[in-house]
Amino acid sequence: MIEELISSGDVYKNFRQKLTTPARIDIAGVSGSLTSFLIKSAFRQTGECALVAAPTLKDAEAIRDDLELFVGKEFVYFLPESGKSVGQEALALLSFRSQALNSIQKDSPVILV
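Residues in the sequence shown are numbered from 15 upward in steps of one, following the working numbering.
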């Protein structure tokens, strides 16, 4: 029901129109899980890999968590910025980066956040 409501709006229709040509698409001015909903829609419509850049690590984690629910964990990989952490956190982030970069070699499209 909510998906139908969002999908029927002009903003969403304009967004889907932009997906007809491969290009960078900036999503700004939306809040909460709507960002992830738009990314999910783009991913499903295009069937291509997607790279999502978020302004902060916290924002990236929230988008990743939403996308894992929307499209499934097997399609979403975390690609955090390198060189910003130390110690155990740095090792964990390095592991995420390694998994994300390896995922690109899969036969199916993935989303890197």
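Note that beta-carbon positions come from the ideal geometry of N, C-alpha and C, so glycine has one too. Just so it is clear, the structure is predicted and the values come from calculations on it, not from any experiment.
*Can we say the segment 98–112 touches the segment 81–90, given the rule of at least three CB pairs closer than 8 Å?*
no
*To the nearest angstrom, how far is it from the Cα of S22 to the Cα of V124?*
Sequence index remark: in the sequence shown, residue 22 carries index 8 (1-based). Sequence index remark: in the sequence shown, residue 124 carries index 110 (1-based). Rounded to the nearest angstrom, the two C-alpha atoms are 26 Å apart.
*How many Å lie between C63 and I118 at the Cα?*
Your numbering for residue 63 matches position 49 in the sequence shown. Your numbering for residue 118 matches position 104 in the sequence shown. If you take the alpha carbons of C63 and I118, they lie about 8 Å apart.
*Closer than 6 Å by C-beta to L126: which residues in its own chain qualify, once you throw out the five before and the five after it? Chain order, please.*
As a first step, residue 126 must be located in the sequence shown, where it is residue number 112. The answer, listed in chain order, is L65, Y91, L93 and A114.
*Per DSSP, what kind of secondary structure is L33 in: helix, strand or coil?*
On the sequence shown, position 19 is the one that residue 33 refers to. Reduced to three states, the DSSP call for L33 is coil.
*Where A64 falls: helix, strand or coil (DSSP)*: Counting from one through the sequence shown, the residue named residue 64 turns up at place 50. Correct three-state label for A64: strand.
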